[in-house]
Amino acid sequence: MIRRIALAAFIATTSMVFVVTAAAPVYAQSNALRVDAGSGVRSFAGVRIDGAVTYPVTVMEQLGGSIRSVPGGAVIRIGGDSVRFWSRSPFFTAGNRINQLAFNAEEADGVLRIPEQFFVQTLPAMFGNRFEYRGGTLYVKGGTPVAAQTAPAAPAPADTNARPGERPTPTPPPALPNPNDRRAAAAPGTGKRIVIIDPGHGGVDPGSEGPNKLPEKQAVLTIANRLAALLRTRDYEVHMTRTRDTLIALADRPRMANRWKGDEPGALFISIHANSLKLPQARGFETFFLSDANTADELRVAEMENAAVKYEAKPKGNNSELDQVLNGLRNDFYLRASNDFAGVVQKQLGQFHPGPNRGVKRAPFRVLVGALMPAVLVEVAFISNPGEAGLLGTAEFQDKLAFSLAASVDTFFRENEPLWRRQ
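Numbered by the working numbering, the letters in the sequence shown go through residues 6 to 428 in order.
Following this line, the structure appears as structure tokens:
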């Protein structure tokens, strides 16, 4: 009884907080959700609200559920289970259990809309005996699903930042499909799409530490693992320079990336870090590409991240490598592509990040030297700022960062891949 009273009080408080908030703006149509309940594939257009792709709660009827409107939200019956959502709240209940999504459920044009995460991650996880998400389609088990590769995907409008696809599970990486499946999922003739994720620091190198004692190496590894899981379910070939708390030499990281890339032209390198300053009020996000620094602040960040070399038993690389990378037409292409990719990352992070957009910057980072592909280093927040350090320690903010970085990869491949493959 006490537990039920506490639950009711929590939900009532949450509902009051979000009901009084003004309606969120609705943006352009975005990713299409494909659903196969056994009688063929249906596509539901997504609408982006406050940076999140959402779908109407009525999708659940196609999945065999029933919907009942309640004040401030809706109740969904799935078999013998009830799931309740509240508008303008990231919380929902399944039975007496409170769950949280990375983004709010929202009401738009009189329809409650549920974040994409619920359909591609939560439903298959909570009701694994009923639903399965694979190959970009949500299947109802027990039906006769149409093959994902023959499903008619809804086109994405030209003005959206997201490619037709999914925002899947930020959980430990699932098993990769075989290479032939990945090639079939990509655009005809494009070959593999490879993403190398580089969680900064590690091992004896903790990076910076927040006022909450959160070490940078731990925060960025968690974000990197979530990003890797998302990209793998989108049929990217994903590699990580480290998957545990270990030290990897700065010069070895781009070399590893080049080895994984091999002869494939379609590859990206993302190094994930958290910024730090002695001024605790500094906050925000910024993305760097490899070049000479233009400002003192750009040089400061490069020197801070390059200082990790002191932890290496035998420092590798030297300043002459930077001069070599900055010369030559081919590497000039990578620099321009890296600049473009950094801009995409900043735009995506700016859709939800509470801190200021500090812009695209350039600096001589050792970890980017020699990467024969578009490569960026993203400072996702200031771990020296008490507020942003607190956010970096939460699963909700980590999910948002991973989702946004995955969307950046999708957007960049869609918009620039034809240019890469001519290099």
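No residue lacks a Cβ here, since even glycine has one placed at the ideal position from N, Cα and C.
{"query": "Per-residue DSSP class, three states only, for F108", "result": "strand"}
{"query": "Nearest-angstrom Cβ-Cβ length linking V381 and F293, presumed shorter than 8 Å", "result": "6 Å"}
{"query": "Nonlocal neighbours in the same chain, by C-beta distance under 7 Å from F132, ignoring five residues either side", "result": "I83"}
{"query": "Proximity below 9 Å, CB of F346 to CB of N280", "result": "no"}
{"query": "First through last residue of the alpha helix (DSSP H) which encompasses R258", "result": "257-266"}
{"query": "Proximity below 9 Å, CB of P204 to CB of I277", "result": "yes"}
{"query": "L340 beta carbon less than 9 Å from that of N263", "result": "no"}
{"query": "Exposure of L284, with buried meaning 16 or more beta-carbon neighbours within 10 Å", "result": "exposed"}
{"query": "Exposure label - D114; buried when at least 16 CB within 10 Å", "result": "exposed"}
{"query": "A400 versus D415: straight-line alpha-carbon distance, rounded", "result": "22 Å"}
{"query": "Collapsed DSSP secondary structure at P76 in the structure displayed", "result": "coil"}
{"query": "For I81, the residue or residues it bridges with in DSSP", "result": "I72, V88"}
{"query": "Cβ-based burial, A130 [other Cβ within 10 Å; buried from 16]", "result": "exposed"}
{"query": "Exposed unless 16 or more other CB atoms sit within 10 angstroms - verdict on V209", "result": "exposed"}
{"query": "Cutoff 9 Å: G140 Cβ touching any chain C Cβ", "result": "Here chain C cannot be found, since the structure has a single protein chain."}
{"query": "C-beta contact flag for S343 and L295 at 9 Å", "result": "yes"}
{"query": "Beta carbon of V40 nearer than 9 Å to that of V58", "result": "no"}
{"query": "For L232 and K275, the rounded distance between their alpha carbons", "result": "The question names Lys, but residue 275 is Ile in the sequence shown. If I take the Cα positions, the gap works out to 10 Å."}
{"query": "Touching by the beta-carbon criterion (3+ pairs, under 8 Å), the segment 214-224 and the segment 381-394", "result": "yes"}
{"query": "Where P120 falls: helix, strand or coil (DSSP)", "result": "strand"}
{"query": "Cα-Cα separation between Q351 and G364, rounded to whole angstroms", "result": "7 Å"}
{"query": "Option nearest L273 by Cα separation, candidates E111, N104, F418, R73", "result": "F418"}
{"query": "Chain-order list of residues whose beta-carbon lies under 6 Å from that of G355 (same chain, five-residue window excluded)", "result": "N362"}
{"query": "Integer-rounded CB distance, given that F123 should sit under 8 Å from L143", "result": "No, L143 and F123 are not in contact; Cβ-Cβ is about 10 Å, not under 8 Å."}
{"query": "Classification of E221 by the beta-carbon crowding that lies within 10 angstroms, buried from 16 upward", "result": "buried"}
{"query": "Continuous beta strand (DSSP E) stretch holding T98: start and end", "result": "94-99"}
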